[in-house]
Structures are given as C-alpha cells and as structure tokens.
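Novice: Handing you this structure, nothing more for now.
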Amino acid sequence: MPSSFDVAIIGGGPGGSATAISLRSHAPSLSVILIEASQYDGLRVGETLPPPARSLLDHLQVWDEFRRLSPREVFGTSAVWGSRIPADNDFFYMPANTGWHVERNSFDAMLATAARERGTTLVRGAALDDVEESGDRWRLTLSTGATLDARFIVDGTGAAVFARRMGARFECLDRLVGIVRFFEGSADDSRLLVEACEDGWWYTAGLPNGKRIAACVTDADLAQRLKLGQIDEWERRLASVPAVASRLQKCKPDSALVIRSSASRRLEPAAGERWLAVGDSASRFDPLSSQGILKAMRGGIFASYAIGSRLLRDDDSDLRRYDRYVSEEFKSYCEVRTRYYQEEQRWPRSEFWRRRHSPFSHKEAQKTQNAFM
Numbered sequence: 001m002p003s004s005f006d007v008a009i010i011g012g013g014p015g016g017s018a019t020a021i022s023l024r025s026h027a028p029s030l031s032v033i034l035i036e037a038s039q040y041d042g043l044r045v046g047e048t049l050p051p052p053a054r055s056l057l058d059h060l061q062v063w064d065e066f067r068r069l070s071p072r073e074v075f076g077t078s079a080v081w082g083s084r085i086p087a088d089n090d091f092f093y094m095p096a097n098t099g100w101h102v103e104r105n106s107f108d109a110m111l112a113t114a115a116r117e118r119g120t121t122l123v124r125g126a127a128l129d130d131v132e133e134s135g136d137r138w139r140l141t142l143s144t145g146a147t148l149d150a151r152f153i154v155d156g157t158g159a160a161v162f163a164r165r166m167g168a169r170f171e172c173l174d175r176l177v178g179i180v181r182f183f184e185g186s187a188d189d190s191r192l193l194v195e196a197c198e199d200g201w202w203y204t205a206g207l208p209n210g211k212r213i214a215a216c217v218t219d220a221d222l223a224q225r226l227k228l229g230q231i232d233e234w235e236r237r238l239a240s241v242p243a244v245a246s247r248l249q250k251c252k253p254d255s256a257l258v259i260r261s262s263a264s265r266r267l268e269p270a271a272g273e274r275w276l277a278v279g280d281s282a283s284r285f286d287p288l289s290s291q292g293i294l295k296a297m298r299g300g301i302f303a304s305y306a307i308g309s310r311l312l313r314d315d316d317s318d319l320r321r322y323d324r325y326v327s328e329e330f331k332s333y334c335e336v337r338t339r340y341y342q343e344e345q346r347w348p349r350s351e352f353w354r355r356r357h358s359p360f361s362h363k364e365a366q367k368t369q370n371a372f373m
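Numbering (the working numbering), first residue to last: 1 to 373.
Take a look at the structure:
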C-alpha cells in the first residue's frame, strides 16, 4: 500500500464511499484511500432508500451493482400517526415510484467495493488511532500500526472522531435512541410502517432475504426509565402497538436488542481548512425522515466537488459553501421535523411529545443524549 495520498477518507459508510467514488470521477488525478474500521460484518441499522435514491445511484454509476444486491422493492409507506387509522403514502404518483429496503452490511460493502474498483485504495479492519499535522499534510496512524500521510482528510466515521479533534462540536436537537431487533419470516408487505405511541414511536420494515426489522424509538432517558433495553419489557411494549405487532406475528427473532443513538444533530463547523465531514459526522436526521442513506450519498458527492476545488485549484470557497450547505440542509430538515411531530397530539401529557411540541434546549439535549448508551 502506498504511504502517501491526496485524500484520506476515514469511515467507509455511504458518505465516505460516495465521496471516494465521486472524487475518482470528478478529480481522477487525486489519489484516495478509504479506511473502514470493520469488515462489514456485525449488525448495521438503517435500511431505507426512498425513490430519489435512484438518481444518486445512477450519478455514482453503481446502479448495476446495487441491483445485484437484490434489494427489496417498496412502493409506499404507512403511518399510524395523529390518528388510530393507518394512512398510506403510495409512491405511485411520484416521478420516481419505487423505493428499496437493503441489508446495510451488503449495501455499504457494495459502495466501498465500487470505490476500490474505480481506483480508491480500500483498507478494511483499521481505525484511526492518531493524527498530527506535518507541514501541509496530515500524518495518520491506524489501529493496525500502519502510518500514512494525506493532504486532505474526510471524516466519515459517523461520530466525527477526527473533526472533534479539530475542535468541531455537535449541536444536538434531541436525545433520540432506537432499540432495534431483527426477525426472520418477513410478512408480504415490505413497506415501512410507523406507529406512534405514548412514549415515542415504533417502526417495522421488510428487508431482503425474508428478514424484517422492528424498532422502538424514544428519548434515551425515557428508554432507560422504561427499561426498554430489557427484552421482556421491549416485547411487552411492542404488544401495545397493534399495527407493528401484527406485522411480526409470523416472524421469529433473529438477534438480540441493538441500541443506537438516533439524536438529530449537526456538526459545527462541518469543514475546516484541510478537512470536512460527511454522512452522520456532518449531520444526523431523525430516522422518521428515512433520509439517512440518501443524505450521506448526496453529501459525499458535494464534498468531492469542494475537495477537488481545494486541492486542484487552491480554492477554498467550495469548502465554505459545503459548510453552509450542511447548515442549511439541517435547518430545512428541522422545519419539516417540527411540522411532522406537531401532527401527533394524542398524548399531551407525555414527556416525549411535550418535548417535541415546545422549544428544547440544545444544551439540555447535549447533556442527556448519551444517558442510555
């Protein structure tokens, strides 16, 4: 493996891999290394690609590779929200009328492999151990003991491991967590189903290969108080959401509970002089939006343009533009999030819903978001 690169991307999720793929297309003279801590094993959460994802997959020229994953086609969503009566949102009337549910390990590995096939050096099983500035380059030490240097660093770790070393900080909007379980024996209806309840909301979705995911989503402190990390209590609460529970009647559990932070947050700043953040490192949306993968790939494409301008033309104006883009995208998301949560008014005394119906302190969210982790 070479020891010197133009761009080092830390984190091989959709944001990091999309950045690598787009860089190899947009600025092929730049050498790129993509460093992923895992072997794309273990359980990864986040399965939804809404219909607009097709245009991004085409732009990245990975549509054929994506189809070979046999993703599960989805033609709409359902929600029990603001009323006991389920409401369907069919994609039939949209310009692009097919969405997909994917198995995340396979999807993420597909994108990383596509980056490698386009000339990116791909390293798996290595995390960032240390980094220091050396003149106009970064010197990286990996958990494997390997060292390398790069002119520019992309933080796609999800937790902004590198960016926070540079002084960037997360501005958190809430303290959301998802308590997830996977199942075998998926029902015929693959669509995403969301069902509100007194202390949050649940969702379930059909996955490829006859799998299904189900999750309880609430605030970290509430999850701790309600003991939702205990399987017996999680199952008891599941029985109280009839629409979701009915989708799981013929399913067999296939995993233990998996707990993931889902707090809405934005990194400030999302870019510096010789670095930027992508994917969940730049910002994270509520899973209710079903926009996580889409946002990460789109952000990776925009990031590649900013990096190309900085390294090929010594022009940092696109880096500043990228930082504004992340901020403005998050602001627009927050407005939609507020409107959607306002539609559910059935539990006015619930702490979960009161928090979403009234202003909430970023400092309070920051202080408590990891209470359940």
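Glycine included, C-beta positions come from ideal geometry on N, C-alpha and C.
These numbers come from a predicted model, not from an experiment.
Specify the secondary structure class of proline 14 as computed by DSSP and reduced to three states.
Specialist: Helix.
Novice: Skipping 5 residues on each side, what residues in its chain have a beta carbon closer than 6 Å to that of valine 32?
Specialist: Around valine 32: Val7, Ala20, Leu23, Thr120.
Novice: My assumption, with CB atoms under 8 Å, is that alanine 18 sits in contact with isoleucine 301. Please give the rounded CB distance.
Specialist: 6 Å between Cβ atoms; contact.
Novice: How far does the alpha helix (DSSP H) with serine 327 in it reach, from first residue to last?
Specialist: Counting along the chain, the alpha helix (DSSP H) containing serine 327 begins and ends at 317-342.
Novice: Hey, how far is the Cα of serine 78 from the Cα of valine 336?
Specialist: Their backbone Cα atoms lie some 18 Å apart in a straight line.
Novice: Are the CB atoms of arginine 72 and glycine 229 nearer to each other than 9 Å?
Specialist: No, these two residues do not count as a Cβ contact at 9 Å.
Novice: What is the DSSP secondary structure of threonine 77, counted as helix, strand or coil?
Specialist: Three-state DSSP puts threonine 77 in a strand.
Novice: Determine the direct distance from the alpha carbon of leucine 43 to that of proline 208, and round the result to whole angstroms.
Specialist: Taking the straight line from one Cα to the other gives about 14 Å.
Novice: So, for valine 131: in the same chain, excluding its five sequence neighbours on each side, which residues have a beta-carbon less than 8 Å away from its beta-carbon?
Specialist: Taken in chain order, the residues that qualify are Trp138, Arg139, Leu140, Thr141, Ile153, Phe162, Arg165.
Novice: Tell me the rounded alpha-carbon separation between alanine 214 and threonine 98.
Specialist: Whole-angstrom Cα-Cα distance: 22 Å.
Novice: Measuring CA to CA, which of Asp41, Ser29, Pro14 is closest to phenylalanine 66?
Specialist: Minimum Cα distance to phenylalanine 66 is reached at Pro14.
Novice: For threonine 415, count the other beta carbons within 10 Å of its own beta carbon; 16 or more makes it buried, fewer makes it exposed. Which is it?
Specialist: Since the first residue shown for the chain is 1 and the last is 373, residue 415 is missing from the structure and cannot be characterised.
Novice: Exposed or buried, histidine 101, counting other C-beta atoms within 10 Å across all chains shown (16 or more means buried)?
Specialist: That one is buried.
Novice: At least one CB of chain B closer than 9 Å to the CB of glycine 12: is that the case?
Specialist: Here chain B cannot be found, since the structure has a single protein chain.
Novice: When burial is assigned at 16 or more other CB atoms within 10 Å of the CB, is leucine 312 buried or exposed?
Specialist: So leucine 312 ends up on the exposed side.
Novice: Leaving out five residues on either side along the sequence, give the residues of the same chain with a beta carbon under 6 Å from the beta carbon of leucine 266.
Specialist: Checking the sequence, you will find arginine at residue 266 rather than leucine. Excluding positions up to five away in sequence, the list reads Glu171, Ser283, Phe330.
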